[in-house]
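Quick notes on the structure that follows.
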Amino acid sequence: MKYVNKNFFVEDIKASYLAEKFGTPLYCYSLNKLTNNIRNLKNNFKKIDPIICFSVKSNPNTNLLREINKQGLGADVVSIGELMKALKAGIKPKNIVFSGVGKTKVEIEYAIKKKILLINAESKNEILQIEKIARKYKTKVNVGIRLNPNTDAKTLSQISTGKKENKFGVSDKEFLTLVRYVKKSKNLNLKCLSVHIGSQILDSKPYEKMLKILDKIIKKTKFNFEYIDLGGGMGISYNNDKKTLNLDKYSNSIKKFLKKNKSKIILEPGRSIIGNTGILISKVIYNKEGHKKNFIILDAAMNDLMRPALYNAKHQIKPAIKNNSYTNKVYEFVGPICESTDKFGSYKKFQKLKENDLIIICDVGAYGVSLSSNYNLRPKPAEILIKKSKASVISKRQKLIEII
Ligand code: LLP
Numbered sequence: 010m011k012y013v014n015k016n017f018f019v020e021d022i023k024a025s026y027l028a029e030k031f032g033t034p035l036y037c038y039s040l041n042k043l044t045n046n047i048r049n050l051k052n053n054f055k056k057i058d059p060i061i062c063f064s065v066k067s068n069p070n071t072n073l074l075r076e077i078n079k080q081g082l083g084a085d086v087v088s089i090g091e092l093m094k095a096l097k098a099g100i101k102p103k104n105i106v107f108s109g110v111g112k113t114k115v116e117i118e119y120a121i122k123k124k125i126l127l128i129n130a131e132s133k134n135e136i137l138q139i140e141k142i143a144r145k146y147k148t149k150v151n152v153g154i155r156l157n158p159n160t161d162a163k164t165l166s167q168i169s170t171g172k173k174e175n176k177f178g179v180s181d182k183e184f185l186t187l188v189r190y191v192k193k194s195k196n197l198n199l200k201c202l203s204v205h206i207g208s209q210i211l212d213s214k215p216y217e218k219m220l221k222i223l224d225k226i227i228k229k230t231k232f233n234f235e236y237i238d239l240g241g242g243m244g245i246s247y248n249n250d251k252k253t254l255n256l257d258k259y260s261n262s263i264k265k266f267l268k269k270n271k272s273k274i275i276l277e278p279g280r281s282i283i284g285n286t287g288i289l290i291s292k293v294i295y296n297k298e299g300h301k302k303n304f305i306i307l308d309a310a311m312n313d314l315m316r317p318a319l320y321n322a323k324h325q326i327k328p329a330i331k332n333n334s335y336t337n338k339v340y341e342f343v344g345p346i347c348e349s350t351d352k353f354g355s356y357k358k359f360q361k362l363k364e365n366d367l368i369i370i371c372d373v374g375a376y377g378v379s380l381s382s383n384y385n386l387r388p389k390p391a392e393i394l395i396k397k398s399k400a401s402v403i404s405k406r407q408k409l410i411e412i413i
């Protein structure tokens, strides 16, 4: 994705052409970027040869999941819906892991029937529920137990999951009790220790700390886990600073960890695979002068992209066509929704914009569409996949009739 002269291109197609052809707001993904991200991740983790399960919650589009499957990844799912979607996209059950604190009976039964690789349990009562269902089906189910390592991931508090005040996983004490219990169970097969300390992690130190904690607790269990599932969380750059998690450092720490622990590593990346593959193209509806700043009112809103409203997340905004005429007014980009948090960021220096001009909101491939809603009864946008000079609709724009 880059400018060629004045025009923003997604692979070989102008963003302005896509907007005209498919309408706005419009999610566009680059297949080339997706392929590069997967290759990059595989290369960085080559030395530990992990099973990589794409975290479906970051983007559950069936066509994207098919591509991800073709490129050899499995899936990390957190609901029966995501499990069905992963299977529909052709991902083999033996490459699917199921996480989440509140799996229902129906979800557990479905996962057992489909014989997925692992159900990662997050509490004693969930273990008991899985055991009960496994007994009913006279089977032995592969389970993992998620540890809450009480590790600060040094990320936004809203997307931090590995501290003791978070609802995820079990304490070290509970973990040891559960390991003893599951080892003796006739219907449960203890296979995995799982963790996930948070998302958008840019510093490798929390991961190193987490690995040390795992090391200690594994020693205490005196059990050889076939799998260690380290979750996802690898951060990407949302601005020009190009700061991303140092994957080489992280994989070296895992390699060190594996010298003492002979297990197969599972990784559950979402954002690092799909985040920078997607943009959201939006059109200016109005330019409105406020008391202190100018509002650029877009046709995209917080229902289409929730991250700024929910986490105060910053996504870069760029013009689809550069015109080199700068304004000295502050522009605040907002959507039409009746909430003051429906905004995408302020810029002191942006090019002059008028009605119908197009802008690009960057890096929205992860937790963009997956967090979208019909708030204010707005239909969900279309999604397009770009492969060189070919653009295919991979999710149709929702029709108004479907929601009214
Ligand atoms: N595994 C588990 C168990 C998870 O809970 C998550 C994300 C992942 C893997 C994938 O994490 P990733 O590699 O994408 O960081 N909506 C927020 C992010 C929430 C992440 C929830 N769990 C956002 O837009 O930043």
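By this note's numbering, the letter at position 87 of the sequence shown is numbered 96, and the numbering carries on one by one without gaps.
The C-beta atom is built at its ideal place from N, Cα and C for all residues, glycine as well.
{"Asked": "Separation of residue 112 from residue 246, as counted between CA atoms", "Found": "33 angstroms"}
{"Asked": "Residue 376 versus residue 168: straight-line alpha-carbon distance, rounded", "Found": "12 angstroms"}
{"Asked": "Backbone secondary structure at residue 379 - three-state DSSP", "Found": "helix"}
{"Asked": "CB of residue 359 within 9 angstroms of CB of residue 370, strictly", "Found": "no"}
{"Asked": "Burial state of residue 280 (16 or more Cβ within 10 Å)", "Found": "buried"}
{"Asked": "Any non-hydrogen atom of the ligand LLP within 8 angstroms of residue 358 CB", "Found": "no"}
{"Asked": "Length of the line joining the Cα atoms of residue 118 and residue 110", "Found": "16 angstroms"}
{"Asked": "For residue 39, the residue or residues it bridges with in DSSP", "Found": "395"}
{"Asked": "Segment limits, beta strand (DSSP E) that includes residue 356", "Found": "352–356"}
{"Asked": "Simplified DSSP assignment, three categories, for residue 188", "Found": "helix"}
{"Asked": "Spatial neighbours of residue 240 in its chain, beta-carbon cut-off 6 angstroms, leaving aside the 5 residues before and after", "Found": "204, 205 and 277"}
{"Asked": "Euclidean distance between Cα positions of residue 319 and residue 408", "Found": "26 angstroms"}
{"Asked": "Three-state secondary structure assigned by DSSP to residue 146", "Found": "coil"}
{"Asked": "Any 3 or more C-beta pairs closer than 8 angstroms across the stretch 186–195 and the stretch 209–222", "Found": "no"}
{"Asked": "Residue 93 beta carbon near the ligand LLP (any heavy atom closer than 8 angstroms)", "Found": "no"}
{"Asked": "For residue 26, the first and last residue of its enclosing alpha helix (DSSP H)", "Found": "24–31"}
{"Asked": "Distance cut-off 8 angstroms: residue 325 Cβ against heavy atoms of the ligand LLP", "Found": "no"}
{"Asked": "Buried versus exposed call for residue 126 [16 or more other C-beta atoms within 10 Å across all chains shown]", "Found": "buried"}
{"Asked": "Classification of residue 29 by the beta-carbon crowding that lies within 10 angstroms, buried from 16 upward", "Found": "exposed"}
{"Asked": "Touching by the beta-carbon criterion (3+ pairs, under 8 angstroms), the stretch 169–186 and the stretch 252–261", "Found": "no"}
{"Asked": "Residue 278 CB to nearest heavy atom of the ligand LLP below 8 angstroms", "Found": "yes"}
{"Asked": "Cβ-based burial, residue 300 [other Cβ within 10 Å; buried from 16]", "Found": "exposed"}
{"Asked": "Counterpart residues of residue 232 in DSSP-defined beta bridges", "Found": "BP columns for residue 232 are empty, so no partner."}
{"Asked": "Status (buried if at least 16 other CB within 10 Å, exposed otherwise) for residue 313", "Found": "buried"}
{"Asked": "Length at least 3, wholly inside the stretch 66–112: the beta strand (DSSP E) runs in chain order", "Found": "83–86 and 105–107"}
{"Asked": "Cross-strand partners of residue 130 (DSSP beta bridge)", "Found": "154"}
{"Asked": "7 angstroms CB neighbourhood of residue 94 in its chain, flanking five on each side removed", "Found": "65, 69, 71 and 74"}
{"Asked": "The ligand LLP heavy atom lying under 8 angstroms from the CB of residue 111", "Found": "no"}
{"Asked": "Rounded C-alpha distance that separates residue 437 from residue 62", "Found": "Since the displayed the chain opens at 10 and closes at 413, residue 437 lies outside it and no answer follows."}
{"Asked": "Residues near residue 283 in its chain [Cβ-Cβ closer than 6 angstroms; skip 5 each side]", "Found": "67, 68, 374 and 375"}
{"Asked": "Backbone CA spacing between residue 141 and residue 27 [nearest angstrom]", "Found": "52 angstroms"}
{"Asked": "Any non-hydrogen atom of the ligand LLP closer than 8 angstroms to residue 240 Cβ", "Found": "yes"}
{"Asked": "Cβ-heavy atom distance, residue 144 to the ligand LLP, below 8 angstroms", "Found": "no"}
{"Asked": "heavy atom of the ligand LLP below 8 angstroms from residue 168 C-beta", "Found": "yes"}
{"Asked": "Sub-9 angstroms separation of residue 164 and residue 207 beta-carbons", "Found": "yes"}
{"Asked": "Opening and closing residue of the alpha helix (DSSP H) in which residue 119 lies", "Found": "114–122"}
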